[in-house]
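Working notes, beginning with the structure itself.
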Amino acid sequence: MMNITLPTLLLVEDDPNDIMLFRRAKDKTNLANPLQVVEDGEAAVAYLSGQGQYADRNRYPLPALVLLDLKLPRKSGLEVLAWLREQPGLRRLPVVVMTSSKESTDVGLAYDLGANSYLVKPVAFDNLLEMIKALGLYWFILNEKPDINPSIGG
Amino acid sequence: MISRPLRIALLYLLLSALWIFVSYYLLQQLFVGSRLVEQLELLGGLSFVLITALILFLLLRREQAAVERANCILRERERNFRMLTETIATAIFLYRGGRLCFVNPKAIAYSGYTREELLTMDLWQLVSPEYQEMIRERSLSRLHGAGGPARYELKIITKHGEERWLEVTADSIEFEGAPVGLATAYDITERKRAEQEIGTLNGDLERRVAERTAELEKANAQLQFSQASIRELNVALQQRAEELQASMNEMEAFSYSVSHDLRAPLRAIQGFTQALQEDYAAQLDPAGQDFAQRIVAAAGRMDILIQDLLAYSQLSRSELSPKPVSLSRIVAEATSQMQAQITEHHAIISVVEPLPDVLGHRPTLVQVIANLLSNAIKFVAPGVTPQIRVWAEAQENRVRLWVEDNGIGIPAEHEERIFRVFERLHGIESYPGTGIGLAIVKKGMERMGGSVGVASQNGQGSRFWIELPIQEKK
Numbered sequence: 001m002m003n004i005t006l007p008t009l010l011l012v013e014d015d016p017n018d019i020m021l022f023r024r025a026k027d028k029t030n031l032a033n034p035l036q037v038v039e040d041g042e043a044a045v046a047y048l049s050g051q052g053q054y055a056d057r058n059r060y061p062l063p064a065l066v067l068l069d070l071k072l073p074r075k076s077g078l079e080v081l082a083w084l085r086e087q088p089g090l091r092r093l094p095v096v097v098m099t100s101s102k103e104s105t106d107v108g109l110a111y112d113l114g115a116n117s118y119l120v121k122p123v124a125f126d127n128l129l130e131m132i133k134a135l136g137l138y139w140f141i142l143n144e145k146p147d148i149n150p151s152i153g154g
Numbered sequence: 001m002i003s004r005p006l007r008i009a010l011l012y013l014l015l016s017a018l019w020i021f022v023s024y025y026l027l028q029q030l031f032v033g034s035r036l037v038e039q040l041e042l043l044g045g046l047s048f049v050l051i052t053a054l055i056l057f058l059l060l061r062r063e064q065a066a067v068e069r070a071n072c073i074l075r076e077r078e079r080n081f082r083m084l085t086e087t088i089a090t091a092i093f094l095y096r097g098g099r100l101c102f103v104n105p106k107a108i109a110y111s112g113y114t115r116e117e118l119l120t121m122d123l124w125q126l127v128s129p130e131y132q133e134m135i136r137e138r139s140l141s142r143l144h145g146a147g148g149p150a151r152y153e154l155k156i157i158t159k160h161g162e163e164r165w166l167e168v169t170a171d172s173i174e175f176e177g178a179p180v181g182l183a184t185a186y187d188i189t190e191r192k193r194a195e196q197e198i199g200t201l202n203g204d205l206e207r208r209v210a211e212r213t214a215e216l217e218k219a220n221a222q223l224q225f226s227q228a229s230i231r232e233l234n235v236a237l238q239q240r241a242e243e244l245q246a247s248m249n250e251m252e253a254f255s256y257s258v259s260h261d262l263r264a265p266l267r268a269i270q271g272f273t274q275a276l277q278e279d280y281a282a283q284l285d286p287a288g289q290d291f292a293q294r295i296v297a298a299a300g301r302m303d304i305l306i307q308d309l310l311a312y313s314q315l316s317r318s319e320l321s322p323k324p325v326s327l328s329r330i331v332a333e334a335t336s337q338m339q340a341q342i343t344e345h346h347a348i349i350s351v352v353e354p355l356p357d358v359l360g361h362r363p364t365l366v367q368v369i370a371n372l373l374s375n376a377i378k379f380v381a382p383g384v385t386p387q388i389r390v391w392a393e394a395q396e397n398r399v400r401l402w403v404e405d406n407g408i409g410i411p412a413e414h415e416e417r418i419f420r421v422f423e424r425l426h427g428i429e430s431y432p433g434t435g436i437g438l439a440i441v442k443k444g445m446e447r448m449g450g451s452v453g454v455a456s457q458n459g460q461g462s463r464f465w466i467e468l469p470i471q472e473k474k
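So the protein lines, in turn, are chains P and G. Residue numbers for the first sequence follow UniProt numbering, beginning at 1 and rising by one. Residue numbers for the second sequence follow UniProt numbering, beginning at 1 and rising by one.
As structure tokens, this is what we get:
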């Protein structure tokens, strides 16, 4: 029953190693929020708009936080972000960009498109643990969540 | 009406008749019948003859004086005429029919013939053959009253065969009671020669102008040809620039990939090795544990290497527009970035405030100073507490910032090498690093229009300096 009440975390990530390491780090930090993973940009859009297999919101609940990689197949992270910020019912959804690159152009573009935060994936696993701990504390406990109503404007 | 001689004769007739009749009548009345009458009549006749002889004498003498006077005037006039015709600078030819009937000395001088020879010649015989027929026709028709005065230039041949140009004015006048042709002329040979010379010079000039024009046209054609080649070169250059831009873009995409894709496997290596260490520690003996630890460390080093290389390549690619910045704040920012390292090594950093303002690119300058501080902390002999002094000195329009340490120093022969990429003076074991830190410092300073250098003695610490344009106080 507990995992029903906890808000969902959506990870948009195509690298299976990174997904595994993320899961492991999340388990180690005892972050109890349910994790959903999609592996490309189009899947992210489908999940967020509740289309196709993601229509069942009981199985695939709307996330309270999106962790978004930028380099993705089919649709880049920036495209997903741009799309999201144009959806009247979803545009308030907090998005944390989490990527390998800290190219200043990427950072600037991500903020321009409405990213709420920008993180660089650490190479050392210990640093990843630290980061996920901080992430959970900040976004799920300290941060006041906005009202999200996906039915607005379809 | 009545001519003077007739008047005189009639007067004489009247007076002598009156004389005879009056004297006869008077004698008849006074001396009637006297013998004296006949003597008186004789006396009267004689005195008449005497008086008339006297009158005749007086009259003739007066006539002769008048003639003398007229002759004198005539001679005077003739002398004047001759003087005029002989001293005038114009040649005068008079001709009757075609034959010359008067020439003045100038005409003689021009033609080279004597007066006697000329007076036996026709006018046109003097003229150069090509003009003879024309002159003949014109001068004859002029004598018959055709055409007014005319002026023309013509060429004559002198007695000695020389050519001479004359400007001739032709007219017809009355002379000695008959119409004659008058030709006045003056010598224009010099003028003609000058004209001819001018003509030659003009021709020469025109020819030279034509030559020069031709040369110019040729040069122009060459210029156009070179312009065409320059255009071609420009096109080639443009193409080369585009290619260069394309390869720059490629390079950028490449370094993006390095940044993004090379680090993903590193994360996997480190993450899973650590998972192995944690989850399978029981199955690994100490050697296996050591190997796993080495894998983690190597992956970590490679990550730092990639990050440094990226920072270096980004310095070459990005535009570093210099702006006024406060060195005090830059140094403070760099120090705070280095806080972990400073704490770890118990380093003491003293900054001699105030530091001036300079023209630079803030993030690059922070990175440069952080790298210098990092080196100053890192390269000390074992057991030595790093002590770093930072100060600035203004030099005309530039500022030099010094970073002095108490480290191991740099042998003079290596002072150039240390600024190159991947150059290291020490083994990884003694002083870890990628060998890129000072290359970033040098590249960054160059990109900001500044410079970097070091003054060091082996074993006595190093003094690195960077130099930037000063920001003038407003």
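Backbone N, C-alpha and C define an ideal beta-carbon position, used for all residues, glycine too. Every value quoted in this text rests on a predicted model; they were computed, and no experiment measured them.
9 Å Cβ cut-off: residues of chain P touching residue i
i	result
residue 300 (chain G)	123, 124
residue 303 (chain G)	122, 123, 124
Exposure label - residue i; buried when at least 16 CB within 10 Å
i	result
residue 114 (chain G)	exposed
residue 365 (chain G)	buried
residue 349 (chain G)	buried
residue 21 (chain P)	buried
residue 3 (chain P)	In this prediction, residue 3 (chain P) scores a pLDDT of 42, lower than 50, which makes its location untrustworthy; no coordinate-derived value is stated.
residue 73 (chain G)	exposed
residue 390 (chain G)	buried
residue 383 (chain G)	exposed
residue 303 (chain G)	buried
residue 134 (chain G)	exposed
residue 221 (chain G)	exposed
residue 443 (chain G)	buried
residue 243 (chain G)	exposed
residue 296 (chain G)	buried
residue 146 (chain P)	exposed
Extent of the continuous alpha helix (DSSP H) to which residue i belongs
i	result
residue 264 (chain G)	263 to 279
residue 22 (chain G)	4 to 30
residue 105 (chain G)	105 to 111
residue 45 (chain P)	41 to 49
residue 48 (chain G)	36 to 87
Residue i versus the options, residue with shortest Cα-Cα distance
i	options	result
residue 85 (chain G)	G:99, G:107, G:76	G:107
residue 160 (chain G)	G:423, G:36, G:128	G:128
residue 131 (chain P)	P:145, P:92, P:67, P:72	P:67
residue 407 (chain G)	G:341, G:295, G:462, G:249	G:462
residue 150 (chain P)	P:77, P:96, P:107, P:85	P:85
residue 184 (chain G)	G:190, G:151, G:214, G:163	G:151
residue 385 (chain G)	G:421, G:347, G:292, G:264	G:347
residue 105 (chain P)	G:252, G:170, G:99, G:167	G:252
residue 394 (chain G)	G:39, G:411, G:441, G:327	G:327
residue 167 (chain G)	G:436, G:93, G:362, G:83	G:93
residue 330 (chain G)	G:307, G:311, G:357	G:357
residue 519 (chain G)	G:300, G:340, G:388	Because chain G is modelled from 1 through 474, residue 519 (chain G) falls outside the range shown and cannot be assessed.
residue 401 (chain G)	G:445, G:433, G:379, G:413	G:445
residue 255 (chain G)	G:308, G:281, G:234	G:308
residue 294 (chain G)	G:155, G:306, G:273	G:273
residue 155 (chain G)	G:177, G:230, G:174, G:124	G:124
residue 56 (chain G)	G:261, G:9, G:78, G:179	G:9
Under 7 Å from the C-beta of residue i: neighbouring residues of chain G
i	result
residue 24 (chain P)	275
Within chain G, partners of residue i - CB distance below 9 Å
i	result
residue 76 (chain P)	Under the 9 Å cutoff, chain G gives no residues; its nearest Cβ is about 12 Å from residue 76 (chain P).
residue 33 (chain P)	Within 9 Å Cβ-Cβ: nothing; residue 33 (chain P) doesn't reach chain G, min ~21 Å.
Segment limits, beta strand (DSSP E) that includes residue i
i	result
residue 36 (chain P)	35 to 38
residue 282 (chain G)	Unbroken run through residue 282 (chain G): none, as it is neither H nor E.
residue 179 (chain G)	178 to 187
residue 95 (chain G)	91 to 96
residue 140 (chain P)	From DSSP, residue 140 (chain P) is part of no beta strand (DSSP E); its letter is neither H nor E.
residue 462 (chain G)	462 to 469
Proximal chain G residues relative to residue i, where beta-carbon distance stays under 8 Å
i	result
residue 27 (chain P)	Result: empty, since nearest Cβ-Cβ is about 11 Å, beyond 8 Å.
Within chain B, partners of residue i - CB distance below 8 Å
i	result
residue 270 (chain G)	No chain B is present in this structure, whose protein chains are P and G.
Under 8 Å by beta carbon: chain P residues contacting residue i
i	result
residue 447 (chain G)	The contacting residues do not exist; residue 447 (chain G) stays about 15 Å from chain P at best.
(request) Write down every uninterrupted run of the beta strand (DSSP E) in the stretch 427 to 458 of chain G whose length is 3 residues or greater and which is fully enclosed by it, in chain order. (result) 451 to 456
(message) Please give me, in chain order, every unbroken run of the beta strand (DSSP E) with length at least 3 that falls completely inside the stretch 290 to 363 of chain G.
(response) 323 to 326, 348 to 351, 357 to 360
(request) Kindly provide the ranges of any beta strand (DSSP E) runs that are 3 or more residues long and lie completely inside the stretch 376 to 430 of chain G, ordered along the chain. (result) 387 to 395, 398 to 404
(message) In chain order, what are the residue ranges of uninterrupted alpha helix (DSSP H) at least 4 long that sit wholly in the UniProt domain "Response regulatory" (8 to 136) of chain P?
(response) 16 to 28, 41 to 49, 77 to 84, 104 to 112, 125 to 135
(message) Quick check for students: name the residue ranges of the alpha helix (DSSP H) that lie wholly in the stretch 107 to 166 of chain G, counting only runs of 4 or more.
(response) 115 to 118, 129 to 143
(request) Could you name each continuous alpha helix (DSSP H) segment of 4 residues or more that falls completely within the stretch 178 to 252 of chain G, going from the start of the chain to the end? (result) none
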